[in-house]
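Visitor: Can you read through this structure? Questions will come right after.
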Amino acid sequence: MNNSVNTEKIMSQLKSDIKEKNIPDFKDVPYNKPSGAEIPENPDKAIENLRAYSYIHSYMNFTGNKLKIFMKKSVRKMIKFYIEPLVNEQNNFNASTETALTSMRNTQKKLIQRIEKLEQENKRLMEDLYGE
């Protein structure tokens, strides 16, 4: 019994199906990276970015003509009971996350200092022991 799979045939069939059905390639799908989403190399800078974007507001100022502003404000008043608790929960989560990451970073700094100190002590002891 031959259970071999012809992947070349399957791939060519898939490619022809994609062309026939005009399915867009993932490279064609636009993606706008959100501002402030750059990942800095420095962990302290990353935590500063987190701190800067961690608090969100439950409302924003509206623009447009008077009728649009009135309608938007009316809708906001109608859904306020639902939106505000969600925003408060998200802000609490963001604050907890920022606190936890700051604590972890401080612990990391202490461990790095301790490792450096132990490496220096180890080097000194090896020199004393072997005279290197």
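Numbering-wise, the sequence shown is residues 1 to 132 according to the numbering used here. For every residue, glycine included, the Cβ atom is placed at its ideal position computed from N, Cα and C.
Quick check on DSSP: helix, strand or coil for V75?
Guide: The sequence position of residue 75 within the sequence shown is 75, counting from 1. Reduced to three states, the DSSP call for V75 is helix.
Visitor: Cβ of K68 within 7 angstroms of any heavy atom in the ligand NAP?
Guide: Absent from the structure shown: the ligand NAP. Ligands present: none.
Visitor: Considering only the alpha carbon of each residue, which of D128, N106, I83 lies closest to M60?
Guide: For the purposes of this step, residue 60 is identified with residue 60 of the sequence shown, where counting begins at 1. Closest by alpha carbon: I83.
Visitor: Closest to S58 by CA distance: which of S4, A95, R76 is it?
Guide: Here the question's residue 58 lines up with position 58 in the sequence shown. S58 has its Cα closest to that of R76, out of S4, A95, R76.
Visitor: In three-state DSSP terms, what is I83?
Guide: Counting from one through the sequence shown, the residue named residue 83 turns up at place 83. In this structure, I83 counts as helix in the three-state DSSP scheme.
Visitor: Just to confirm, is the Cβ distance from K73 to F81 under 8 angstroms?
Guide: Sequence index remark: in the sequence shown, residue 73 carries index 73 (1-based). Sequence index remark: in the sequence shown, residue 81 carries index 81 (1-based). The answer is no: Cβ separation not under 8 angstroms.
Visitor: With distance defined between alpha-carbon atoms, name the residue in S54, R114, K117, K66 nearest to N91.
Guide: Here residue 91 refers to the residue found at position 91 when the sequence shown is read from its first residue. That would be S54, whose Cα lies nearest to the Cα of N91.
Visitor: Please work out which residues of its chain come closer than 8 angstroms, Cβ to Cβ, to Q120, disregarding the five sequence neighbours upstream and downstream, and give them in chain order.
Guide: In the sequence shown, residue 120 corresponds to position 120, counting from 1. Correct list: empty, nothing qualifies.
Visitor: Span of the alpha helix (DSSP H) holding E8?
Guide: By 1-based counting over the sequence shown, the position of residue 8 is 8. E8 -> alpha helix (DSSP H) spans 7 to 21.
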